[in-house]
Every structure is written in C-alpha cells, then in structure tokens.
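Enquirer: Chains as they are written, first to last, in numbering that gives the first Met the number 0: chain E, 0 to 411; chain H, 0 to 411; chain F, 0 to 411. Glycine is no exception: its CB is placed at the ideal position from the N, C-alpha and C atoms.
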Amino acid sequence: MDSGLFTINNVWMMICTGLVFFMHLGFSLLEIGLTRQKNTINILFKNLFIICAGLLMYYIGGFNLMYPGFEEGSAGILKFAGFGITAPENGMVPAYASGGYTWWTDFLFQGMFAATAATIVSGAVAERIKIGGFMMFVVIYVGFIYPIVGSWKWGGGFLDSMGFYDFAGATLVHSVGGWAALVAVFLLGPRIGKFDENNKPQPIPGHNIPFAATGVLILWLGWFGFNGGSVLSANPAITSLVLVTTSLAAAAGGISAFLTSTLMYKNYDLTMFLNGILGGLVGITAGADLMSPNEAVVIGLIAGVVIVMGVALIDKLKLDDPVGAIAVHLICGIWGTLAVGIFGSMAGIDQFINQLIGVGIVGAFCVISSLIILKIIKSFVGIRVSEIEELEGLDRHEHGMDAYPDFRANEH
Amino acid sequence: MDSGLFTINNVWMMICTGLVFFMHLGFSLLEIGLTRQKNTINILFKNLFIICAGLLMYYIGGFNLMYPGFEEGSAGILKFAGFGITAPENGMVPAYASGGYTWWTDFLFQGMFAATAATIVSGAVAERIKIGGFMMFVVIYVGFIYPIVGSWKWGGGFLDSMGFYDFAGATLVHSVGGWAALVAVFLLGPRIGKFDENNKPQPIPGHNIPFAATGVLILWLGWFGFNGGSVLSANPAITSLVLVTTSLAAAAGGISAFLTSTLMYKNYDLTMFLNGILGGLVGITAGADLMSPNEAVVIGLIAGVVIVMGVALIDKLKLDDPVGAIAVHLICGIWGTLAVGIFGSMAGIDQFINQLIGVGIVGAFCVISSLIILKIIKSFVGIRVSEIEELEGLDRHEHGMDAYPDFRANEH
Amino acid sequence: MDSGLFTINNVWMMICTGLVFFMHLGFSLLEIGLTRQKNTINILFKNLFIICAGLLMYYIGGFNLMYPGFEEGSAGILKFAGFGITAPENGMVPAYASGGYTWWTDFLFQGMFAATAATIVSGAVAERIKIGGFMMFVVIYVGFIYPIVGSWKWGGGFLDSMGFYDFAGATLVHSVGGWAALVAVFLLGPRIGKFDENNKPQPIPGHNIPFAATGVLILWLGWFGFNGGSVLSANPAITSLVLVTTSLAAAAGGISAFLTSTLMYKNYDLTMFLNGILGGLVGITAGADLMSPNEAVVIGLIAGVVIVMGVALIDKLKLDDPVGAIAVHLICGIWGTLAVGIFGSMAGIDQFINQLIGVGIVGAFCVISSLIILKIIKSFVGIRVSEIEELEGLDRHEHGMDAYPDFRANEH
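#1: Along chain E, which residues have their Cβ under 7 Å away from the Cβ of residue 178/F?
#2: Quick one: Cα of residue 161/E to Cα of residue 66/E, how far?
#3: Which bits of chain H does residue 9/F rub up against, with CB to CB less than 8 Å?
#4: Pairs of beta-carbons, one from the region 278-292 of chain E and one from the region 166-181 of chain E, closer than 8 Å: are there three or more?
#5: DSSP three-state label for residue 203/F, please.
#6: Taking residue 413/E as the reference, which of 346/E, 176/E, 106/E, 163/E has the closest Cα?
#7: Which residue or residues does DSSP assign as beta-bridge partners of residue 383/F?
#8: Are the CB atoms of residue 222/E and residue 289/E nearer to each other than 8 Å?
#9: Pull up the distance between the alpha-carbon of residue 249/E and that of residue 317/F, whole angstroms please.
#10: Where do the N-terminal and C-terminal ends of the alpha helix (DSSP H) with residue 116/H fall, by residue?
#11: Per DSSP, what are the beta-bridge partners of residue 194/E in this structure?
#12: Near residue 252/E, what residues of its chain come up, given a Cβ to Cβ distance below 6 Å and the 5 sequence neighbours on each side ignored?
#13: Does the CB of residue 1/H have a neighbour CB from chain F at under 8 Å?
#14: Select from the region 255-274 of chain F all residues with a C-beta closer than 9 Å to any C-beta belonging to chain E, and list them in chain order.
#15: List the residues of chain F that residue 35/H touches, going by C-beta distances under 7 Å, in chain order.
#16: Could you round the C-beta distance between residue 421/H and residue 397/H to whole angstroms and report it? I think they count as a contact, below 8 Å.
#17: Flag this pair as yes or no: are the beta carbons of residue 215/H and residue 29/H separated by less than 8 Å?
#18: For residue 87/E, count neighbouring C-beta atoms within 10 Å of its own C-beta (all shown protein chains included) and say buried if the count is 16 or more, exposed if not.
#19: Helix, strand or coil, according to DSSP, for residue 323/F in the structure here?
#20: Ordered along the chain, which non-local residues of its own chain (more than five positions away) have a Cβ less than 7 Å from that of residue 305/F?
#21: Please list, in chain order, the chain E residues whose beta carbon lies closer than 8 Å to that of residue 43/H.
#22: Given that a residue counts as buried once 16 or more other Cβ atoms are within 10 Å of its Cβ, and exposed if not, what is residue 391/H?
#23: Would you say residue 216/H faces chain F, with C-beta separation under 8 Å as the test?
#24: Kindly say whether residue 47/H, judged by its beta-carbon, lies nearer than 8 Å to any beta-carbon of chain E.
#25: Counting pairs of Cβ atoms below 8 Å between the region 105-119 of chain E and the region 52-61 of chain E, do you hit three or more?
#26: So residue 31/E contacts chain H; which residues on that side make the cut at Cβ distance below 8 Å?
#27: Taking only the alpha-carbon atoms, compute the straight-line gap between residue 228/E and residue 198/E and give it to the nearest angstrom.
#28: Got a sec: is the Cβ-Cβ distance from residue 246/F to anything in chain E below 8 Å?
#29: Around the Cβ of residue 342/F, are there at least 16 other Cβ atoms within 10 angstroms (buried) or fewer (exposed)?
#30: Just the Cα atoms here: how many angstroms apart are residue 348/F and residue 355/F?
#31: Under the assumption that residue 208/F contacts residue 402/E (Cβ atoms under 8 Å), give the Cβ distance between them as a whole number of angstroms.
#32: At which residue ranges does the region 314-383 of chain H contain complete alpha helix (DSSP H) runs of 4 or more residues, listed in the order of the chain?
#33: Which residues in chain F sit within 7 Å of residue 427/H, going by Cβ to Cβ distance?
#34: Just verifying my parser: in three-state terms, what is the DSSP assignment at residue 473/H?
#35: With DSSP collapsed to three states, give me the class of residue 296/F.
#36: Quick check on residue 76/H: buried or exposed, where buried means 16 or more other Cβ atoms within 10 Å of its Cβ?
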C-alpha cells in the first residue's frame, strides 16, 4: 500500500465524513418540516445537541468502547473514559486500518455515525419530550449503548464471528436508533389530539413540507458518504457499485411508495414519496456492497411498499411517530438486514438465519437498555412535558423563543 | 495508467456525481421559490419524480442507448431494454474509459445528468401542467430523447464526427431541456392572469425568494461537478481551469445581469441577479475547458445581458415561463454553444458553423419530438389542469395537501 | 512529488474550494434568519454581490497583490491590475506550490476566502446600510485591504518573518472582517428601536430561525474546507487532525455557549448554541493544525464562554450587531489567534507575544483603513438609509420586492 493510495483513501473517507455530518442537517430539516411550527426551535436544539454532545461522548469514550482491539490489542472497555484519546503511533501511516485512512479520520467518520442513531430517536419523540430528559438519554445512548452494539460487529465481537453481516449499519445504526424510538414513543404516549375519542388516528400536519423535502434530498446525498464511506477505502469498483445500488434503491423506494400510496389513498402523497426514498436508502444499507443493481432496485421497490404499510401499522398500534422514523429506520432497517440473506452474493438460508439472529439480539438489547434508561430518567426528571406546554408549544416554554418571530404573511 | 491514478480519477468523478445530484435540490428550491405557494407540493413532487424515474429509466435503457459503442462494440439501440445492465468485464479496471473511472461511476454520473434535462422543463411548465401527463413526458424524454441526442455527440455519433463541440452539455443537456420547455410552454398557454386584457404581461411573484437564492447557490456548487466532472478525469490542469472559468462566468453573469437590469428598470433586482448567475453558468458550459479566464469573464458578461433581454423577449412572445427557464437554459445554452466558435482555443468560422449546425439539428429534433410526445399525451390524458384547479392550486387538487399546513404568521 | 500525489492534492484542494464557496450560502442563511423579513432581499443581494464582485476583484488584482513573490519573483504590487492573470508556465505541474495543487486551484481557493471577509461585515451592518455604499466598500475591502493584510503573512511578508502564526485565518480572514464590522457598526449607529430611551438594549428578533440553524450547519461543513484546505495538500495525518480539531472545537463551543447562557439567562437559547458553534470554529482556526484534540476541546469550551460574554459586551457598548458577527469573528478570532501562544505545539511566551503583535498590527490597519474608506463613502453617497426606508424595510425601497410575496399563513 503506497502513500498515494493511502492519501486518496483518506481523502475519500474525509469527504464521506463530511457527507455523514451533513446528514444531520437533512434530519433536522426533515423533522422540523414534518412537525408543528410551535416546536421547531426545540427540535433544532435537540438536533444540535445530538451532534455536539454525541461527538464529544464518542470522543471521551465511545470510540474506544466500540473498537476495543484497535489500539494495541488492549481491551477497549478498560480504556473507557480515556478522555483525550491519543492516536497510536502507527495510526497515521498506511499500515493502519489496512491502508485506508488515518486514526483521526477513523474516529471522526465513526463519530459522525454515532450521533446519527440518536437523531433517529429525536424525530419520533418530537413535540412532547422534555428536553432535559432527552439530553440525558442522548448522552447515555450515544456514549454507551451505540458503541457497545457496534463493537459486537464492527469492533470484531461475537456478531461478527457468528457471520452476521451489516455493511453500513441498517441494524447497527438505523435499528439501534429505531428500537429506542419505538420504546420512547411507547413510554411517552401519543401527542394530544393524535387519536380521537374513538382511537382513530388524526393527521397532525407539519409546518414546512419544503424543509422536509430538502432534508430528504440532503439525506440522499449524505448516504453517498454513509454507504460509500463504509467501504473504508476508495476502492473504485466497490465504492462506485455502492453508490449505484444506493441511488437505485432510493429511486425505486420513492417510486414504489408513491405508487402504493396512490393506489391505497388515491392521492399523490409527497410525504410517502419522501419516506419511500428514505426507506429505500435504509433498505439497501445492510448490503449495498453485495447487491447487483437489479437486486438493489428490487430491495428498494419492496422497501417502498414496506414503508407505506409500516406507517399504517404504527398508526394501528396506537403509536405516535410524528416523522415516520420507526417505519423508516426500524422496519426498513430490519427489511434491509434480512435482505442480505435473500439477495446478493451472500444470500442463503444460513445467512438469513444469521441476519435474523443479529436483528433479534440487537433488538432485545436496545429495547431493554432504552427501557431501563428511559424509565430511570422518567422517575428522576420526567420525560413528558406538561399539557399546557404541549399545547402552547415547547419553543415558548423551554426556549423562550419563536421559530419565525418576525414572520408576516401577506394579506390577500 | 496506474491504479492510484485510476482511484483518484474515480473519486473525483464520484464527488462530481454527488454534486450533480445535489443540483436537483437546487432546481427544486429555485422553482418553488419563484412560484406560488399553492403549487409548491406539486413542484416538489414533480422534481422528486424526475430524479427517481429519470435514474431508473436511464438504468433500464437510456445509458445503453446513449453510449452504444461502449459495451463491446454492440449497437446500443439493439441493447435497449436490457434491464439490469451488467458491467462489462473490463468496466472496473483502469483500461475502461481511458483510465478515468469505473463503469458504475460512468453510469451514475451520466444518469444524474439525464434527469437534469427534464428538470429544466419542470420549472417552465409549473403551476398549470397536469401531473400525470408530465410524468409520462418525463419518462419518455429522459428515457429516449435525451439519450438519443446525447449519443450523437457523447456517444460518438455524427455530431461528434462533424466537429460539433459541447464540453458539458450547454446544448446536449440545457438546450435539450430548454427546447422541450419552449414547446410545452407554447402548448400549455400562459397561467391565468399572466397577461391582462391588453396582452400586457403581469408579474406573478413567487412565494419564497430565499429558497430561490438558496437554489442558485446550490446550483453554482453543483456546477463544480457538472463541468468539473465533464473532464472525465481528475486531470489537475484541466479540472482546475474548468472550475475557474465556471466560477468567473457565474460571477460575471450575475454582476452583468444586475447592472443591465438596474439600468433598464432602476431597481436592484435580485431575481435578475440570480438568473444572471445561472446564465453565466449555462453560458460557459459548452466551452469551460477551452476558455481562458478572461474569455470566461466575457462570456459571462454577455450571458448576463442575454438573460435580461431573453426574459423580456419571452414576455413579448406572450410565453409564460414562471422561472425563466427558457431564457436561462435555452437562450444562454445557445449563446454558450456558439461562443465556442468565437472565443477560446477552438474559435474560428468553421467551428462557429459547426456549432450553429449542432444547435439547429438538436433544436429541430427536440422541438419536433416534444411536440409529438406532448400532443399525444394531450389527446390521451390532457396536459393542462382545470381552471378551478389552477386557481385553487394544484397542491390541494392533485395532492390533497398544503406546503405549509401548520404555518402561522405573527400578528403585528 | 509524483503526479498521482499531485492529482490527489489538487482534488482535495478543489473540494475544499467548493466547501468554502458553500460557506457563502451558510452566511446568507444565517444572516437573513437572524434579521427581519423586510430586509431579506437586501441581505441576499449583498451576499450575492460579495461572492461575485469579490471573486472578480480578486481575479483582477487581489491575487497578485496577496502573493507577490509567487509569479517569477516580481513584486506583486506592481503587477496589480494585471486583469486576466495568466498562469505561470510552471503553475500546472507538481513543482508548483510544493506539489500541492495547480495555479488555478490556488487562485480559486484563495478567491473564495477573500470574499468571506466581506461577508462578515455584511451581517453586522444589516438592516440599515445603503446598498450602494456597501457595494463600494466591498469592492475596495476585498480588492485591496484583505489581500494587503494577507500578503503580510501568507504572501511571505513581515508578519510571517516575525513568527506570527495563523493557520487558516482567525486573524487574516475573520478578524479582518470583524474589525471592519466593528468600525461600520460604530459609524452607522444602532437600528431604530435597538436601544430604548434608557439606553437599554431591546431584542429585535429575526424572522426565520430554521434558516439560521441551516446556515450554521452549512458553515460547519464549509469549515472542513476552510481549515482542511489550509493544509494546502491532502497530507493524511495533518488534514485528518485538522478536521478532528475543527469538529471538536465546534461541538465544545456549542455545548459551552449553551450551558453558559442557560446558567445566565435560565433558557435553552438556540441562538447562543448556534453562535457557540461558530465561536468554536473561529477559535480553532488559527491553530487547527497545532492542537491536540484535547486542546481543541478546551479552546472550543472557552470560545463558547467568550461568545456569550462577547454578545453581552457588544450590547453594553451600545453597538448594534444584528447577527453577533463581531463577537463571533472578531472576539473569537482574537481568542483563537492568542490561543496559539497558549496551547499546542507552538505554545510559549514568545509566541504569545508574536500573536499579540500580529493581532494589534492587523487590527490597527483594518480599523484605520475601514474608517477612512467608510468616511469617504459616507461623505460621497452616504452609508445609512433614511428613517422611512429603515422602518418600511430595505427590500421595498432598494429592490422593489418582497422576500415572500405570495406567502399566506393559515387561519386557526
């Protein structure tokens, strides 16, 4: 591995790091777009906190916890709380990480990933969670739960030995966030007005659909880095295949969700189109490097149907997920993970079972741990805002400000 | 060509692919910003459809149709409908495409370009076209017309043999979209209220100019990939010259359009400034690799004047183009294509005639084919929405939703 | 230096150029978000003008003025007005600029930087400056003052010989803009209503906080290019360290500003969180390549406190800076520049004194020159709009248009 190739691999990984960072803007715009104006500041605040605190927590200990074997073979968990990680001597030369990139690039790329898991939760619990409790949850989830799960596979742990495959984190990132979202939504209960006296779900429209659409397009671009960077090098054949499968799955997911929802609801539903794109992206994430373009299209088409059904299912279960995060990240994350056993170069019944086991173990761990964490937070500081705060909006109560304080509409 | 250089070329092309993809966000924001609130969802829906369906159509057949000779010399048109294109054996190694990039990168970069042509149409027909008819048009135009025209030059066809030059697609992308926009605008007729009883054009202001400005800045960035990627390698001297000529033409176009419109209308018109930047970008696209920076500035300055005149001309012709797409993409596309015969390293009377012939042939083909396609669509499903739908907005009628359903302004 | 490494270095520098360009969108959204709706068009217009005119002025003469020794040893100032700079013969080969990139990349990267300094001023003077006067100021400041100061350090001038260090421009870019902002704000006086009859500062809320938050996230991403590109090569160890220190300082700045302001004002203040992130980014800019990650966190934490204090100080001095530009760019720019003498691999009392001298000299030059320029502009065309224009908004008076002309809110 010569220094030129090391340099180009590292450049690619830095670009992908930037793109994954940019996904946080995508998530922020998607979430505020699909929720009400009165909670906009609150959601933006939560998302900024996730990026900043998530990165710092990953720096303080998460990185060492997740990749225990990397630094001179020492057990990572013992190294935990090694505030001020220092690059190992060989961390800057081509010998490191199979010549792909430097130690610092490694940390930053993984750190940007870590914060993503918490962002997924943020959307699902929007408009009613207490900001203080949520911030505690983020610190614990990004600092401990995410890296522990990650270490089982990407850190070379037992899921890896067992044969579980998850290329870029359909399970390890999206479902890890999705399971916590499910638990949090269950514990929080629905927003006031989401279900009427007959328990029928009522639409609570968001306040800025152009922001939501902008968010989705930014997320698609960000996925170039999320999946493209998960190659962990700039290998031309694999990176370019991954971008193709990622984009085709996104396109197929969007078209399929739009067609499915048009058939079901007789309406060209933009929100379903957007969620279909995201579903396709999540769906291809586990096996983006294993699939042919044809298989990517099929995975995306199925993800588009899954999304529409998933959103309906969440409603039926009387769960209130304002942005559809559970359907997108959890349900499509599971679909994508299982798809590795059905399509692509690793397909087979054994692999399918491996995938199923991985999904189950990660799910059980995430559900139990988020249940414990959220229960504890609930008993200490509470997790749901007061009724008056929910009705008047979290922006005014928690932040003392308005998202559009000087905005005037025109009279007509 | 060693593997390090192949890798870096491929990385550059993947980045440019991402940037061209990002242009779709730029176009979306520009188009919704310059149109009325009541049609916002509709425009976003159209743009998402263009990206997704365009990419899939290009995958199903467009790519093979456009580059017939690439895959082992077989005639592309016969290969059409080869759903599930498979990379040729040598498509992943430095030997492919002169060492620039892999087959997958090639497909995805070109696929992102393909969708752009349809997006140009989208803006011009906004606020009155039937979504169903428009989607049919997109599928046919991106799947067939765009790749056929592209094959004549970039696929090594007769325009290429003849000496016609179009570096990044001033004619092959922008005019291909622009001609269809012209035909569609002519067939559709103006929006209700665009021309008063004396046939005088009336301004119909958009609803969100910050979105439009954001769109233009994103497009400028995207053009780094559109033009920079058209080098088809990371050649340092050419790529960096191209970014310089592209940016200088954009800057000169903006300044010149703003000055021209200030002189004519005694107002610092932001919309003209924005269109001037786009005009400069389109203007440099045909010869970004041939021009000195000085020549790029001159091309941009002229494009800025052309834009202001062009917008006035479209009005005078009683055509209604809500976002100025025809002036920007068609008129400046023609200007830029002809400029290759006037400025830069290929300038000369012979080249000018070649350029003129190319513009004419592409124009004739695009006008005739879009006329036929749109006429057929019109007779089957219709192309214009009903008066009541146009007045009340396409969002409510076609999509059953509002762009800002929960948006409240402040009382003052 | 082989051609592969030259190519990859050049690719990295072109990407960074694109990212610094993208910062202009970040600044634009931040500035319009934090100001009132009635001045939105005006601010967008100013920002577009800065990018376009700034780039052209840098092209006409600024680049040669700033890097006098680069072109065959000739004195740059004599070369000034060499409209149509031509790349020197060796400017496209690995020998140029230590093998990092081509002459064109050099020009464009530096040109994008140049425009940034003026953008900083734009935010501080918003909502009351005359557009004509401001445009004159931009042309002079970007064309002359910025490159002169830059030549003292980056052009190999006396500040460089003296031992002053400024990695990516905490002083040379951010303070150069910040000092001019301070002078302009002082000369302009506060907006009507900013201080009440008892001289107590009154909040004048902006009109679109989501735009401001979007702007900050785009700026963070842009800083990957601003600091990452200042390495002037793709050196894996240094570029990746720089991205890590940059991101950690941003994260720490955000958290620290939010905690400080929560302690002081009992509110989760999103604007302070945003400014804290920017403060951290500016704070790390002078020594991003010298600091360990731990030191970057400390610099960011301090920057976060500095920002909160700085904003309060500006208020106390009866200065009216609508977007907090002086606190972010000037005060944190000074902090970051001095931090090079306190933390990191160059720390020491001598270095601290060098940094202090550099800050003082640049400050004196910028204050005096902007005072002279603005005084002259004031006496010729005036710098402040009329009271009626300020009250009714600059958009209507200078541009004859509205930012959201068709925007309707929903009735509830």
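Expert: With the given structure in hand:
#1: Here the premise fails: no neighbours, minimum Cβ distance about 29 Å.
#2: Straight-line Cα distance between these residues: approximately 17 Å.
#3: The answer, in chain order, is 233, 235, 238, 239.
#4: Judged by Cβ distances under 8 Å, the region 278-292 of chain E makes contact with the region 166-181 of chain E, as three or more pairs qualify.
#5: The answer is coil: DSSP assigns residue 203/F none of H, G, I, E or B.
#6: A question about residue 413/E goes unanswered here, because the residues of chain E that appear run from 0 up to 411.
#7: According to DSSP, residue 383/F bridges with 128/F.
#8: Not closer than 8 Å, so no.
#9: The straight-line gap from Cα to Cα measures roughly 53 Å.
#10: Its alpha helix (DSSP H) spans residues 102-123.
#11: Bridge partners of residue 194/E: 200/E.
#12: Only 275, 276, 278, 279, 299, 302, 303 meet the Cβ criterion.
#13: Yes, residue 1/H counts as interfacial toward chain F.
#14: From the region 255-274 of chain F, only 257, 264, 265, 266, 267, 268, 269, 270, 272, 273 have a Cβ closer than 9 Å to chain E.
#15: Going along chain F in sequence order, the residues near residue 35/H (Cβ under 7 Å) are 405.
#16: Residue 421/H falls outside the range modelled here, since chain H spans only 0 to 411, and no answer is possible.
#17: At the C-beta level, residue 215/H and residue 29/H come within 8 Å of one another.
#18: That one is exposed.
#19: It is coil, neither helix nor strand.
#20: Correct list, in chain order: 278, 330, 331, 334.
#21: Those within 8 Å of residue 43/H in chain E are 208, 209, 212, 269.
#22: Classification of residue 391/H: exposed, given that the 10 Å Cβ count is below 16.
#23: It does; some Cβ of chain F falls within 8 Å.
#24: Interface residue, yes.
#25: Look at the beta carbons and you see the region 105-119 of chain E touching the region 52-61 of chain E: at least three pairs across the two are nearer than 8 Å.
#26: The premise fails here: residue 31/E is roughly 11 Å from chain H at the closest Cβ pair, so nothing lies under 8 Å.
#27: Roughly 44 Å separates the two Cα atoms.
#28: Yes, residue 246/F lies at the interface with chain E (some Cβ there is under 8 Å from its Cβ).
#29: Answer is buried; the Cβ neighbour count reaches 16.
#30: The straight-line gap from Cα to Cα measures roughly 10 Å.
#31: Indeed they touch by this definition, with Cβ atoms about 5 Å apart.
#32: Fully enclosed alpha helix (DSSP H) runs of no fewer than 4 residues occupy 331-341, 348-379 of the region 314-383 of chain H, in order along the chain.
#33: Residue 427/H lies beyond the stretch modelled for chain H, which goes from 0 to 411, so this question has no answer here.
#34: Given that chain H is displayed from residue 0 to residue 411, the structure contains no residue 473/H and the question cannot be resolved.
#35: It is helical.
#36: With a pLDDT of 40 at residue 76/H, under the threshold of 50, the predicted position of this residue should be treated as unreliable, though the coordinate-derived value follows. Exposed.
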